[in-house]
Ligand code: SF4
Ligand code: SF4
Ligand code: SF4
Ligand code: SF4
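Protein chains in written order, with the working numbering: chain A, 66 to 182; chain B, 2 to 605.
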């Protein structure tokens, strides 16, 4: 069984402020207050139903992409979430992860349609 | 009979305005109804279902039977207003037609009958005078209770009453005035001509003793006409639109029309049928435990009707079904919430990574569900029971399969849920099982309602009960006193109330709470609410614990892994799943190895 425990090595990337699109992160910050509690512990990924079935999904990493402002990366994977809620139940910090995902999807849709967030 | 005076105009204008506005709306609703729904109406009208429609309209729109069930006093209030007024109209019409000897008289003839007709000494007048006064008294008792409800709602079993919008206020004030003004007008007239019954004539004679009734009479009739007219004009824009709309709703529902995954004109009719009675406010734990009335269904329907649906409100609901259970109009409130979510969210999904494997074949397919995987003790207990009973089973999602689709559906993403359903359905069918058993109430709900499976679907509580009944497992009874919590999706969602109780009664002593079966509370962990944070869910759960502990149980037993996990956080007594209880109580009896049962033996 191919299990991604969320501790893989992220792709190397220099901090590049020009590429850091803060729109989505700010959007989440505004609508999901619990998001700021995330400590990137990876418990969510370890239990995630989708991450269990595919290498290309990792909810903790989506959070990191969000902070780095890499919206395209998030958009590539976000639709794989099955909304099962396991991540939310194991999160030690009480992050409302499903709300994060829902609002992320919403924000991405708006960004794609060039709407104001 | 001369029966016109300028004061009939407010009434007449109000009535015609109401009729025009209402029928224009009905025409528009029916015209834009989905074709399939229109056909159902066509077929329904010509079928025997029509009798059912008339019966239900009588019982619900006039007698208000479902409100009686919630609270008898509240029921009486609604009945006296609706049924009393209805009888006043019918009898009034009959009276005026008989006296005027005119079958096609004007609509205001009965309304202002007493003003124009003074010599009521024909043989049937005694009957009409008495009955009409009696009915007026009946309605007035309802009006009095309505005043009282505003001041002292608790008497009617309500903690909160609905906050009104402008048109509601206008309508309610005129409605509250109509009957007292009618009493006054008829009494003043009777004070002069003695043409009333026991009530109006009595009051009239009394008033005539110290009042210039002759001067006041005309003004009173004007006021009466104005109040009725104002009520009629405000009606289509107020909650009282429910009066005519509910009749339409009852008929259409009886003809088989429903709100499913899209918002149709039938859904619109459901929305307009809400009288804003407020029963749903108290039932909602968002109100009772969190003190937040805003998400209550009555206000949510208001936003739909005003076309101002906000995402926050749509997602701030646990889809627990308590409001729907008690809604006297029977509006499919949970569906409405989901349909609005579906409109609001981005419904993307990408499940290409799901690949159907080839599961082993067995008689029984066991599907634990995501939440059971998070509570391995339940899984272990189930495996123990399945093995002990010597069943031939396959564990479909042993390595953690795909989600059943119910949470996705609850988020409003019906399209994504459909994909997950298709995937799991294939897996289940490939196992060639005759029985599907699940340990999760959430999975059970979606398996039953949306999977359309050609096999028997059982929740583990039902399945284990079959095992016990058919003697495949024997269990020891202990004296432990436990309370059973009905999970929303199993109880109200799938109407499984008795099987878990029957099963548990084999193993322990059940004690009740004030919140059993249909009235069960949501544990607070619901996947239906996407707005609630950790703290708030905890707060709801703590409030539920208080109710569960009233009879001092030594344990709480539930039948849903999510409920178990949620209850565990605030637990004053141990929390266990029904499967764990049975697994521990199973007698060690010699079961022949590899003894396999035919499914009909197991599941009757
Ligand atoms: S489990 Fe919670 S805290 Fe840990 S990474 Fe996931 S969201 Fe963040
Ligand atoms: S809700 Fe989505 S992210 Fe969370 S565990 Fe389930 S599939 Fe993974
Ligand atoms: S939704 Fe049902 S319970 Fe709530 S106010 Fe309307 S009719 Fe009453
Ligand atoms: S479904 Fe439950 S949480 Fe939602 S409005 Fe009704 S009672 Fe409240």
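By construction, the Cβ of each residue, glycine as well, lies at the ideal position given by its N, Cα and C atoms.
Inset, instruction - Would you mind telling me which residues of chain A sit closer than 8 Å to residue 1 of chain B, beta carbon to beta carbon, in chain order? - result: Residue 1 of chain B cannot be examined here, being either before or after the span of chain B that is shown, 2 to 605.
Legend entry - Candidates B:564, B:566, B:18: closest to residue 231 of chain B by CA position: B:18
Inset, instruction - Excluding the 5 residues preceding and the 5 following residue 162 of chain B in the sequence, name in chain order all residues of the same chain whose CB lies nearer than 6 Å to its CB. - result: 154, 279
Legend entry - Those runs of the alpha helix (DSSP H) which lie wholly inside the segment 84-160 of chain B and span at least 4 residues: 109-112, 114-117, 126-152
Inset, instruction - Count the CB pairs spanning the segment 215-227 of chain B and the segment 141-154 of chain B that are closer than 8 Å, and state whether there are at least three. - result: no
Inset, instruction - Report yes if the C-beta of residue 100 of chain A is less than 8 Å from at least one heavy atom of ligand 2; otherwise report no. - result: no
Inset, instruction - Could you spell out where the beta strand (DSSP E) holding residue 38 of chain B opens and where it closes? - result: First-last for residue 38 of chain B: 36-46, but that is the alpha helix (DSSP H), not the beta strand (DSSP E).
Inset, instruction - Count the C-beta pairs between the segment 482-491 of chain B and the segment 437-450 of chain B that are closer than 8 Å, then say yes if the count reaches three, no if not. - result: yes
Inset, instruction - Mark residue 210 of chain B as exposed unless 16 or more other C-beta atoms lie within 10 angstroms of its C-beta, in which case mark it buried. - result: exposed
Inset, instruction - Take every Cβ of the segment 293-301 of chain B, pair it with every Cβ of the segment 317-324 of chain B, and state whether three or more of those distances are shorter than 8 Å. - result: yes
Inset, instruction - Taking residue 154 of chain A as the query, report the chain B residues whose CB atoms sit under 7 Å from its CB, ordered along the chain. - result: 375, 566
Legend entry - Inter-stretch contact (C-beta, 8 Å, three-pair minimum) for the segment 493-506 of chain B and the segment 533-540 of chain B: no
Legend entry - Below-9 Å beta-carbon distance, residue 118 of chain A vs any chain B residue: yes
Inset, instruction - Any chance you could list the alpha helix (DSSP H) runs of at least 4 consecutive residues sitting entirely within the segment 48-75 of chain B, in chain order? - result: 50-57, 66-71
Legend entry - Of the listed residues B:157, B:422, B:115, nearest to residue 192 of chain B (C-alpha basis): B:115
Inset, instruction - Using a Cβ-Cβ cut-off of less than 8 Å, list which residues of the segment 277-301 of chain B approach chain A; keep chain order. - result: none
Inset, instruction - Check the Cβ-Cβ distances between residue 145 of chain A and every residue of chain B, and say whether any is below 9 Å. - result: yes
Legend entry - Assigned exposure category for residue 299 of chain B - 16 Cβ within 10 Å defines buried: buried
Legend entry - Cβ neighbour criterion (16 or more within 10 Å) applied to residue 271 of chain B: buried
Legend entry - Spatially closest choice to residue 348 of chain B from B:409, B:289, B:478, by CA coordinates: B:409
Inset, instruction - Answer yes or no: does any C-beta atom of chain B fall closer than 9 Å to that of residue 164 of chain A? - result: yes
Inset, instruction - Give the DSSP-derived three-state secondary structure of residue 589 of chain B in the structure shown. - result: coil
Legend entry - DSSP-derived helix/strand/coil call for residue 604 of chain B: For residue 604 of chain B, the predicted structure reports a pLDDT of 46, less than 50, and the residue's modelled location is therefore unreliable. A value from the coordinates is still provided. Reduced to three states, the DSSP call for residue 604 of chain B is coil.
Legend entry - Proximity test, residue 407 of chain B beta-carbon vs ligand 2 heavy atom, cut-off 8 Å: no
Inset, instruction - Verify the CB distance criterion: does residue 536 of chain B have a CB-CB separation below 9 Å to chain A? - result: yes
Legend entry - Neighbour flag for residue 175 of chain B against chain A, beta carbons, 9 Å: no
Legend entry - Where the beta strand (DSSP E) through residue 33 of chain B begins and ends: Taken as a continuous stretch (DSSP letters only), residue 33 of chain B belongs to no beta strand (DSSP E), as it is neither H nor E.
Legend entry - residue 258 of chain B (DSSP reduced to helix, strand or coil): coil
Legend entry - Alpha-carbon spacing of residue 125 of chain A relative to residue 504 of chain B, whole angstroms: 42 Å
Inset, instruction - Assuming residue 352 of chain B contacts residue 415 of chain B (C-beta within less than 8 Å), just tell me the rounded distance between them. - result: Their Cβ separation, rounded to whole angstroms, is 14 Å, which puts residue 352 of chain B and residue 415 of chain B out of contact at 8 Å.
Inset, instruction - Locate the beta strand (DSSP E) running through residue 304 of chain B, then write down its first and last residues. - result: Element bounds for residue 304 of chain B: not the beta strand (DSSP E) but the alpha helix (DSSP H), 298-306.
Inset, instruction - Helix, strand or coil for residue 368 of chain B, going by three-state DSSP, please let me know. - result: strand
Inset, instruction - Answer yes or no: does any C-beta atom of chain B fall closer than 9 Å to that of residue 161 of chain A? - result: yes
Legend entry - Cutoff 9 Å: residue 400 of chain B Cβ touching any chain A Cβ: yes
Inset, instruction - Thinking residue 587 of chain B and residue 389 of chain B are a contact (beta carbons under 8 Å), I'd like their distance in whole angstroms, please. - result: 6 Å
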